[in-house]
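Q: Provided herewith is a single structure, encoded as structure tokens, for subsequent inquiry.
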Amino acid sequence: MSEAAPTSRPGARRINWGKRAGRVGLALLVLLIVAVTMAPVYFMVVLSVMEPSEFFRPDPAYFPTKFTTQWWERVLNSETLYPAFTKSLVVATVTTAIALVISVPGAYAISRMAPKVKYFLILSLFFTRMYPEIGIALPVAVFFLRMGLYESIIGLVFAHLILVLPICAWILVGAFETIPRDLEEAASVDGASRLRTLWRVVIPLAAPGISVAAIFTWLLSWDEVTYARFLTLLHPTLPIQLLDIIGRSGPTVVATWATIVTIPVVIVTYLMQRWLRADYLAGAVKG
Amino acid sequence: MTTAQLVRPYTPSRVSRAAAFVKRHGFEIVLITPLFVYVFGTTLVPVFASILLGFQNPPRGGGFPSLESYNLVIQDYQFVSAFINTLIITFTSVGLELILGLIVALVMTRTFRGRGVFRAIMLLPLGIPVVVAASNMRYIFLSSGYLNQALIDLNLISQPIDWLRYPLALFTVAISDMWKVTPLVMLILLAGLESIPSELYEAAQVDGAGVWQRFRRITLPLLKPAITSAVVIRGIDAFRIFAHPMGLGVGRTVPVLSTFGYYEYQRVYYTTSAATSTILLVMILVTVLLYIRIAGTEEITG
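Protein chains in written order, with this note's numbering: chain A, 26 to 312; chain B, 3 to 304.
Below is the structure:
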């Protein structure tokens with residue numbers, strides 16, 4: 026609405042109208058996209074607190090006026106919630122810890138290599154993501170069945186590491202690349218060994234990037250269903266529990282479970298954004 | 003024998019050159035080894051095990067080599083259906099994601115009020131777990147769900163449509179996938195759009211090129227690398243689609259290759275499950291190679 030500057034050129038009025046129509050079109054498009062994006066999440070939250078009479082009728086209410094906590098009470102009192110929640114939490118956390126131990130050193134080494142070698146190594150890591158997960162999950166599941174580790178947390182952590190390591194390492198390579206080598210050289214001039222330099226200088230400086238990688242890894246493990254489906258029968262993770270509920274319960278209960286699966290993700294993503302803003306590096310280079 | 007051949011021991015042999023390399027890069031090699039051993043060990047070994055298992059006698063193996071599992075699978079109506087469904091869902095969802103992702107990315111390059119909020123909302127689906135994304139689609143696509151309700155309110159239909167019934171459910175699964183990953187496609191395409199120099203558009207405008215012409219002659223050709231990587235990344239994932247049909251509750255009625263492989267494993271038919279995953283692997287490889295080939299040659303001729 027800003028370029029309404031008066032002009033004597035003929036035809037200026039028409040161009041202005043075209044622009045205005047374009048703006049209205051853009052606004053409508055933006056609104057439509059926003060509505061489609063938000064609708065499923067909106068209905069999930071609303072359904073979880075909705076009176077049954079508002080949904081179970083020929084015309085379910087878009088904007089319900091009667092609310093209830095009965096679905097939340099039912100799910101929070103469900104015997105299956107806490108074991109599943111704990112399993113997911115432990116698996117995601119242990120997976121993240123081991124993934125960092127394995128991929129921090131590896132990613133650091135990759136980040137210090139010649140660009141061509143670096144590109145090749147990262148690409149070769151990503152090629153492993155091309156394999157169908159069911160082809161990996163099947164032998165792994167059969168192996169763990171034989172070893173008596175079926176449904177164990179160790180088994181699922183082992184499987185989740187297959188999924189998360191390439192992505193975790195890839196984020197970390199990016200994080201380490203932003204740490205200038207001058208700092209390492211300065212440390213080595215001061216007589217520190219390379220391992221000591223990595224531990225005392227590089228890793229602390231890369232802390233924000235490492236946190237982002239950790240949180241991303243945690244989310245991948247928390248969300249994962251293919252390996253978890255192959256490796257669980259009686260003791261599901263939270264997403265698998267949700268899958269089992271879908272066929273058996275009504276939309277309101279499913280929505281409540283779905284909200285519970287999502288809440289930790291929201292918290293963790295919020296934490297990640299705080300880390301993303303932190304910029305320790307600038308200070309280190311200046312000082 | 004010449005002297006040149008006699009002094010040969012002085013030139014470093016392959017072994018000693020390798021030793022020198024190890025000595026110089028020993029630290030890096032030690033750091034990198036666990037990562038690569040784990041990643042390759044835990045993918046290549048199981049994949050090979052799966053391929054071998056597929057060529058054994060059903061249901062649980064032994065008697066290598068045998069084509070019995072492939073025979074069983076090919077004659078299974080569910081498998082044939084899963085094969086076709088996977089192809090349809092992949093092409094539909096990747097196609098929709100590209101079109102929508104490009105539209106949103108183009109909107110994102112414009113400046114308008116509330117752009118920051120719009121961006122944040124657009125990235126929302128990336129933070130929603132896949133199973134949740136799929137199960138959320140149920141409230142919308144159930145025959146008593148919100149989509150039918152909206153269509154009835156708009157007087158577009160009079161009777162509710164059963165979106166979760168085959169074959170319409172194929173479309174529903176594709177939409178579910180699309181909702182979840184269009185933001186990712188959008189980010190890839192947006193990065194591509196932002197790398198196109200604005201001088202090109204200005205020059206084209208001076209030469210009198212219209213909006214459509216600029217899009218057709220500048221944006222699309224220069225966006226090709228980004229489109230290719232989006233198609234490859236998304237295509238691979240879409241072929242392996244698993245959580246969406248499961249989360250929509252149509253895992254049994256709308257089989258895809260991954261869910262078919264899972265159900266075969268569940269009824270302890272390991273070899274047919276392995277054969278399915280091998281077929282899926284071949285599908286992915288062939289499609290990716292073909293696509294890169296076609297996209298590559300077009301770039302040269304066009």
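C-beta: ideal position from N, C-alpha, C; glycine also.
Quantities reported herein were computed from a predicted structural model and do not represent experimental measurements.
#1: Who does A/PHE92 pair with in a DSSP beta bridge?
#2: With a Cβ-Cβ cutoff of 8 Å, do A/THR222 and A/SER213 count as a contact?
#3: Just the C-alpha distance for B/ALA84 and B/ARG236, rounded to the nearest angstrom, thanks.
#4: Threshold first: 3 residues or longer. Then list the beta strand (DSSP E) segments lying entirely within the segment 97 to 173 of chain B, N to C.
#5: Does the segment 174 to 188 of chain B come into contact with the segment 98 to 110 of chain B, if we say contact requires no fewer than three beta-carbon pairs (one atom in each stretch) closer than 8 Å?
#6: Is there a Cβ of chain B sitting closer than 8 Å to that of A/GLU98, yes or no?
#7: If you measure from the beta carbon of A/ASP215 to each beta carbon in chain B, is any gap under 8 Å?
#8: May I ask which residues mark the beginning and end of the alpha helix (DSSP H) holding A/ASP215?
#9: State yes or no: is the C-beta of B/LEU282 within less than 8 Å of the C-beta of A/PRO157?
#10: Taking 8 Å as the threshold, find out whether the segment 262 to 278 of chain A comes into contact with the segment 129 to 148 of chain B through three or more Cβ pairs.
#11: Can you give me, in chain order, the residues of the segment 206 to 231 of chain A that have a beta carbon less than 7 Å from any beta carbon in chain B?
#12: What would DSSP say about B/PRO48, mapped onto helix, strand or coil?
#13: If contact is defined by three or more beta carbon pairs under 8 Å, each pair taking one atom from either stretch, is the segment 27 to 43 of chain B in contact with the segment 238 to 246 of chain B?
#14: Which residues, in order along the segment 248 to 263 of chain B, keep a beta-carbon less than 7 Å from a beta-carbon of chain A?
#15: For B/ASP179, which residues in the same chain have their Cβ closer than 7 Å to its Cβ, ignoring the five residues on either side in sequence?
#16: For A/THR94, I'd like the list of residues in its chain whose CB is within less than 8 Å of its CB, leaving aside the five on either flank, ordered along the chain.
#17: Any residues in the segment 155 to 176 of chain A with a beta carbon nearer than 9 Å to a beta carbon of chain B? Which ones, in chain order?
#18: Could one say the Cβ of B/ALA171 lies closer than 8 Å to chain A's Cβ atoms, at least one of them?
#19: Consider the Cβ of A/LEU148: report whether some Cβ of chain B lies at a distance smaller than 8 Å.
#20: Using DSSP with H/G/I as helix, E/B as strand and the rest coil, what is B/VAL9?
#21: Listing by chain order, which chain B residues have their CB less than 8 Å from the CB of A/PHE201?
#22: Determine, using beta-carbon pairs with one atom in the segment 109 to 117 of chain A and one in the segment 14 to 33 of chain B, whether at least three such pairs fall under 8 Å.
#23: Between B/VAL134 and chain A, is the shortest Cβ-Cβ distance under 8 Å, so that the two count as touching?
#24: From the beta carbon of B/GLU30, is the nearest beta carbon of chain A less than 8 Å away?
#25: Decide yes or no for the touch test of the segment 111 to 128 of chain B against the segment 245 to 253 of chain A: beta carbon pairs closer than 8 Å, at least 3 of them.
#26: Would B/SER51 pass as an interface residue toward chain A - the criterion being a Cβ-Cβ separation below 8 Å?
#27: Is it buried or exposed for B/LEU1, if we count other Cβ within 10 angstroms and need 16 for buried?
#28: Alpha carbon to alpha carbon, how far is A/LYS314 from B/LEU125?
#29: Determine the chain B residues that contact A/TRP247 at a beta-carbon separation under 8 Å, and present them in chain order.
#30: Just verifying my parser: in three-state terms, what is the DSSP assignment at A/ALA124?
#31: Could you spell out where the alpha helix (DSSP H) holding A/ALA86 opens and where it closes?
#32: Helix, strand or coil, according to DSSP, for B/THR227 in the structure here?
#33: Name the residue from B/LEU98, B/VAL234, B/LEU89 and B/ALA211 whose alpha carbon lies nearest to the alpha carbon of A/MET155.
#34: Along the chain, where does the alpha helix (DSSP H) containing A/HIS185 start, and where does it finish?
#35: Could you tell me whether the Cβ atoms of B/VAL258 and A/LEU54 are closer together than 8 Å?
#36: Can you confirm whether B/MET188, when its beta carbon is compared against all beta carbons of chain A, has any partner nearer than 8 Å?
A: In short:
#1: Along the first sequence, one-based indexing puts residue 92 of chain A at 67. DSSP lists A/MET75 as partners of A/PHE92.
#2: The residue given as residue 222 of chain A occupies position 197 in the first sequence. The residue given as residue 213 of chain A occupies position 188 in the first sequence. A/THR222 is a Cβ neighbour of A/SER213, given a cutoff of 8 Å.
#3: If you number the second sequence from 1, residue 84 of chain B lands on position 82. If you number the second sequence from 1, residue 236 of chain B lands on position 234. Straight-line Cα distance between these residues: approximately 19 Å.
#4: As for any beta strand (DSSP E) of minimum length 3 sitting wholly inside the segment 97 to 173 of chain B, there is none.
#5: A contact exists between the segment 174 to 188 of chain B and the segment 98 to 110 of chain B.
#6: Taking the first sequence and counting its residues from 1, one reaches residue 98 of chain A at position 73. Interface flag for A/GLU98 against chain B is unset, since no Cβ pair is found closer than 8 Å.
#7: Numbered from its first residue, the first sequence carries residue 215 of chain A at position 190. By this cut-off, A/ASP215 is not an interface position.
#8: The residue given as residue 215 of chain A occupies position 190 in the first sequence. Per DSSP, A/ASP215 belongs to no alpha helix (DSSP H) and is neither H nor E.
#9: The residue given as residue 282 of chain B occupies position 280 in the second sequence. The residue given as residue 157 of chain A occupies position 132 in the first sequence. Going by C-beta atoms, B/LEU282 is nearer than 8 Å to A/PRO157.
#10: The segment 262 to 278 of chain A is in contact with the segment 129 to 148 of chain B.
#11: Flagged, chain order: ARG219.
#12: Against the second sequence, residue 48 of chain B aligns to sequence position 46. In the three-state reduction of the DSSP assignment, B/PRO48 falls in the helix class, which pools H, G and I.
#13: The segment 238 to 246 of chain B is not in contact with the segment 27 to 43 of chain B.
#14: Going along the segment 248 to 263 of chain B in chain order, one finds MET248, GLY249, GLY251, SER260 and GLY263 with a Cβ nearer than 7 Å to chain A.
#15: Counting from 1 along the second sequence, the entry for residue 179 of chain B is found at position 177. Beyond the five residues adjoining it in sequence on each side, B/ASP179 comes within less than 7 Å, by CB distance, of SER95, ALA240, ILE243 and HIS246 in the same chain, given in chain order.
#16: Within the first sequence, numbered from 1, the residue matching residue 94 of chain A stands at position 69. Around A/THR94: VAL74.
#17: Within the segment 155 to 176 of chain A, MET155, TYR156, PRO157, GLU158, ILE159, GLY160, ILE161, ALA162, LEU163, PRO164, VAL165, ALA166, VAL167 and PHE168 place their CB atoms closer than 9 Å to a CB of chain B, listed in sequence order.
#18: Translated into the one-based positions of the second sequence, residue 171 of chain B becomes position 169. Interface criterion not met: the Cβ of B/ALA171 is under 8 Å from no Cβ in chain A.
#19: Here the question's residue 148 of chain A lines up with position 123 in the first sequence. At least 8 Å separates the CB of A/LEU148 from every CB of chain B.
#20: As a first step, residue 9 of chain B is located in the second sequence; it is residue number 7 there, counting from the start. For B/VAL9, the pLDDT reaches just 49, beneath the cut-off of 50, and the residue's location in the model is therefore unreliable, although a value from the coordinates is still provided. B/VAL9: coil per DSSP, three-state reduction.
#21: Residue mapping note: residue 201 of chain A aligns to position 176 of the first sequence, counting from 1. Contacts between A/PHE201 and chain B, judged by CB atoms closer than 8 Å, are missing: the closest CB pair is about 11 Å apart.
#22: As far as the Cβ criterion goes, the segment 109 to 117 of chain A does not touch the segment 14 to 33 of chain B, which means the pair count is below three.
#23: Here residue 134 of chain B is taken as the residue at index 132 of the second sequence, counted from 1. Judged by the 8 Å Cβ criterion, B/VAL134 is in contact with chain A.
#24: Walking along the second sequence from the start, residue 30 of chain B turns up at place 28. Chain A places a beta carbon closer than 8 Å to that of B/GLU30, counting this residue as a contact.
#25: Output reads no: the segment 245 to 253 of chain A does not touch the segment 111 to 128 of chain B.
#26: Looking up residue 51 of chain B in the second sequence gives position 49. The residue asked about is misnamed: residue 51 of chain B is Ala in this sequence, not Ser. For B/ALA51, a Cβ of chain A is located within less than 8 Å of the residue's own Cβ.
#27: Outside the shown range of chain B, which is 3 to 304, sits residue 1 of chain B, and nothing can be said about it.
#28: Because chain A here runs from 26 to 312, residue 314 of chain A falls outside it and cannot be looked at.
#29: Taking the first residue of the first sequence as position 1, residue 247 of chain A is located at position 222. Taking the beta carbon of A/TRP247 as reference, the chain B residues within 8 Å of it are PRO131, listed in sequence order.
#30: To locate residue 124 of chain A, count along the first sequence from 1; it is residue 99. Look at A/ALA124 here: in three-state DSSP terms it is helix.
#31: Within the first sequence, numbered from 1, the residue matching residue 86 of chain A stands at position 61. Note, A/ALA86: premise wrong, no alpha helix (DSSP H); not H, not E.
#32: The residue you call residue 227 of chain B lines up with position 225 of the second sequence. Per the sequence shown, residue 227 of chain B should be read as Pro rather than Thr. DSSP, reduced to helix, strand and coil, places B/PRO227 within a helical segment of the structure shown.
#33: The sequence position of residue 155 of chain A within the first sequence is 130, counting from 1. Nearest to A/MET155 by alpha-carbon distance, out of B/LEU98, B/VAL234, B/LEU89 and B/ALA211, is B/VAL234.
#34: Start at 1 with the first residue of the first sequence, and residue 185 of chain A comes out as number 160. From DSSP, the alpha helix (DSSP H) with A/HIS185 extends over 178 to 202.
#35: Locating residue 258 of chain B in the second sequence gives position 256, counting from the first residue. Locating residue 54 of chain A in the first sequence gives position 29, counting from the first residue. Taking 8 Å as the Cβ cut-off, B/VAL258 and A/LEU54 do not qualify as a contacting pair.
#36: The count along the second sequence starts at 1 and reaches residue 188 of chain B at position 186. Answer no: the Cβ-Cβ gap between B/MET188 and chain A never drops below 8 Å.
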